[in-house]
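Here is the structure we will look at.
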Amino acid sequence: MTQENTQITLASIHCSMLLVALIDFPGTILFGLGLYGILVGFDQDFLPMLANPLIIIIMLIIGAIIMLWGIIRMMLLARQKQGILQQ
Numbered sequence: 000m001t002q003e004n005t006q007i008t009l010a011s012i013h014c015s016m017l018l019v020a021l022i023d024f025p026g027t028i029l030f031g032l033g034l035y036g037i038l039v040g041f042d043q044d045f046l047p048m049l050a051n052p053l054i055i056i057i058m059l060i061i062g063a064i065i066m067l068w069g070i071i072r073m074m075l076l077a078r079q080k081q082g083i084l085q086q
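Going by numbering that gives the first Met the number 0, the letters in the sequence shown line up with residues 0 to 86, in that order.
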């Protein structure tokens, strides 16, 4: 692989990592709000929807799924980047 192709591939991996981070962010927010609803309690003035335990559970599940996808995808991209840098 030539130096130019390596740089293009690394730039592509970097852009993919940024995209994964952007997609992962809402999952982190959902998970954090779900934890807030569980730990601080229900019927808070901060977000009225946190008064519904079902919504909190759904937020935790969806947030955890998005975060898990982000972790797996980021690890795969990091491994791919490491493999290219070691060549």
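C-beta: ideal position from N, C-alpha, C; glycine also.
### Query
Does the Cβ-Cβ distance between residue 67 and residue 33 come in under 7 Å?
no
### Message
residue 11 and residue 76 - do their beta-carbons sit closer together than 7 Å?
### Response
no
#### Entry: residue 48 to residue 22 span [Cα, whole Å]
23 Å
#### Entry: Burial state of residue 70, where buried means 16 or more other Cβ atoms lie within 10 Å
exposed
### Query
Leaving out the 5 sequence neighbours to the left and right, which residues in its chain are closer than 7 Å to residue 55 when beta-carbon positions are compared?
33, 36, 37 and 49
### Task
Specify, as a first and last residue, the run of the alpha helix (DSSP H) that residue 4 falls within.
2 to 39
### Query
Are the CB atoms of residue 62 and residue 18 nearer to each other than 7 Å?
no
### Message
Check this for me: beta carbons of residue 26 and residue 65, under 7 Å apart or not?
### Response
yes
### Query
By how many angstroms is the C-alpha of residue 57 removed from the C-alpha of residue 84?
40 Å
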